[in-house]
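Chemist: For the sequence shown, counting from 1, position 184 maps to 183 in numbering that gives the first Met the number 0; every step adds exactly one.
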Amino acid sequence: MYRIHHADCFEWLRVCQPHSLHAVCTDPPYGVLEFTEKEVSKLRAGRGGVWRLPPTIGGSQRDPLPRFTVLTDAQKLEQRRFFHEWGKALLPALVPGAHVCVAGHPILQHLVQGAMVEAGYEVRTAIMRLYFSFRGGDRPKNAEKEFPEVCVTPKGAYEPWMLFRKPIEEKTVAENLRKWKTGGLRRLSVDKPLPDSIPSGRTPNREEAISNHPCLKPQHFMRIIVRTLLPLGEGTVLDPFMGSGSTIAAAEAVGYDSVGVELDGEYFKLAESSIPRLAALYPDFTGQELQMNGEYGSIERADKQQLAMTLAEKATTYRTKVPTKSRRG
Ligand SMILES: C[S@@+](CC[C@H](N)C(=O)[O-])C[C@H]1O[C@@H](n2cnc3c(N)ncnc32)[C@H](O)[C@@H]1O
Numbered sequence: 000m001y002r003i004h005h006a007d008c009f010e011w012l013r014v015c016q017p018h019s020l021h022a023v024c025t026d027p028p029y030g031v032l033e034f035t036e037k038e039v040s041k042l043r044a045g046r047g048g049v050w051r052l053p054p055t056i057g058g059s060q061r062d063p064l065p066r067f068t069v070l071t072d073a074q075k076l077e078q079r080r081f082f083h084e085w086g087k088a089l090l091p092a093l094v095p096g097a098h099v100c101v102a103g104h105p106i107l108q109h110l111v112q113g114a115m116v117e118a119g120y121e122v123r124t125a126i127m128r129l130y131f132s133f134r135g136g137d138r139p140k141n142a143e144k145e146f147p148e149v150c151v152t153p154k155g156a157y158e159p160w161m162l163f164r165k166p167i168e169e170k171t172v173a174e175n176l177r178k179w180k181t182g183g184l185r186r187l188s189v190d191k192p193l194p195d196s197i198p199s200g201r202t203p204n205r206e207e208a209i210s211n212h213p214c215l216k217p218q219h220f221m222r223i224i225v226r227t228l229l230p231l232g233e234g235t236v237l238d239p240f241m242g243s244g245s246t247i248a249a250a251e252a253v254g255y256d257s258v259g260v261e262l263d264g265e266y267f268k269l270a271e272s273s274i275p276r277l278a279a280l281y282p283d284f285t286g287q288e289l290q291m292n293g294e295y296g297s298i299e300r301a302d303k304q305q306l307a308m309t310l311a312e313k314a315t316t317y318r319t320k321v322p323t324k325s326r327r328g
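(1) Ligand 1 heavy atoms versus the CB of residue 257: any closer than 7 Å?
(2) Hey, out of 271, 181, 193, whose CA is closest to residue 231's CA?
(3) Please determine whether the Cβ atom of residue 266 lies at a distance below 7 Å from any heavy atom of ligand 1.
(4) Which residue wins for smallest C-alpha separation from residue 6, given the options 267, 28, 195?
(5) Should residue 261 be counted as a contact of ligand 1 given a C-beta to heavy atom distance under 7 Å?
(6) Quick check on residue 17: buried or exposed, where buried means 16 or more other Cβ atoms within 10 Å of its Cβ?
(7) Quick test of your reading: residue 242 and residue 212, contact by CB under 8 Å. State the CB separation rounded to the nearest angstrom.
(8) Does the distance from the CB of residue 90 to the CB of residue 119 come in under 8 Å?
(9) What are the complete beta strand (DSSP E) segments, minimum 3 residues, inside the region 92 to 174?
(10) Buried or exposed for residue 141, going by 16 or more other Cβ atoms inside 10 Å?
(11) With distance defined between alpha-carbon atoms, name the residue in 288, 23, 85 nearest to residue 187.
(12) Taking only three categories from DSSP, how would you classify residue 72?
(13) Which of helix, strand or coil does DSSP assign to residue 22?
(14) Excluding the five sequence neighbours on either side, which residues of its own chain have a C-beta within less than 7 Å of the C-beta of residue 308, listed in chain order?
(15) Please find out if some non-hydrogen atom of ligand 2 comes closer than 7 Å to the beta-carbon of residue 225.
(16) Along the alpha helix (DSSP H) that carries residue 207, what are the first and last residues, could you check?
(17) Candidates 193, 138, 229, 4: which alpha carbon is nearest residue 98's?
(18) Can the beta-carbon of residue 236 be found less than 8 Å from the beta-carbon of residue 22?
(19) For residue 191, name the three-state secondary structure that DSSP assigns.
(20) When the distance is taken between beta carbons, is residue 107 closer than 8 Å to residue 197?
(21) Could you give the DSSP three-state label for residue 236: helix, strand or coil?
(22) With 16 other CB atoms within 10 Å as the buried threshold, where does residue 221 fall?
(23) Just confirm the distance between the C-beta atoms of residue 214 and residue 26, as a whole number of angstroms; I'd bet it's less than 8 Å.
(24) Are residue 96 and residue 175 close, meaning C-beta to C-beta below 8 Å?
(25) Verify the contact flag: residue 28, CB atom, against every heavy atom of ligand 1, threshold strictly below 7 Å.
(26) From the DSSP output, which residues share a beta bridge with residue 197?
Structure follows, in structure tokens:
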């Protein structure tokens, strides 16, 4: 069962029942500013701002990506403040021992980790989503020919999903598990703990045919991560920056209760239609193995559209009464 809310998650968290959530899995605005109204309208108009279009490869158009190297010191400070405030707002809603998994960017990760520690969380390593990205690996700008053997940063091949935990309240993890159902992570199987790097890939075409959110995450990875966050398979998972709902769809596929919150009206509507369709894909895959499902190959555009149209809708959605106007005034 899932519920989704069209709201600012800061407002929503303010009225959220204490000790009602057992895990958080989220892909937040990494640099904060890329999902401000100003930047989203530039993204939708297809010009300028923090979003850039990566090069066309093999004639196929790629999705826009935000450029975090352009953030100023003031914007980085704002990012740290944002996550600190968010971490504090979230804390009362979580049970002790709840894990919080937050997607990040390698060059901004330290800011989020610092902010979350100050807000009262423990850093519990990070899980690397291994995939080929468009990040890094470039030669020095305007001197490419002069320095053909130099790259300014390594070519990106992972996305960190930072793992935090609200400190346990009982004396041991075992006692915390008994009382709150939290404190540890669910193994892939009895003899296989979750590793801290997970082979992934770009989001498959058949999923992008369902949602065109610029940050749609692949079901393969999301189901593995969401599944592991409830160690006994019991409780509720929150995604406070839901976008078009890949976390909620993953929870639904795994069989967990979940709640999603999204600020933007268009993305909220997209989530309403995308969640049941994404959840219906790969019915045999519930995140308990690392191998990529054979169905993850690309499919033709006509098939994509047909797939998106024919998958059944079975969502239960609620609109929240929480005001949607900006928390930061
Ligand atoms: C990186 S995207 C998440 C995309 C998601 N992974 C998906 O699969 O569609 C972050 C989302 O957070 C939303 N957002 C930003 N600030 C928010 C806030 N204060 N409350 C709720 N949602 C917010 C943005 O509109 C954006 O859709």
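Glycine included, every Cβ here is placed at the ideal spot set by N, Cα and C.
Modeler: Straight from the coordinates:
(1) no
(2) 181
(3) yes
(4) 267
(5) yes
(6) exposed
(7) 5 Å
(8) yes
(9) 93 to 102, 121 to 129, 157 to 164
(10) exposed
(11) 288
(12) helix
(13) strand
(14) Bear in mind that a pLDDT of 35 at residue 308, under 50, signals an unreliable position, so the number given afterwards is only what the model happens to contain. Excluding positions up to five away in sequence, the list is empty.
(15) Ligand 2 is not part of this structure, which contains only ligand 1.
(16) 204 to 207
(17) 229
(18) yes
(19) strand
(20) no
(21) strand
(22) buried
(23) 6 Å
(24) yes
(25) yes
(26) 128
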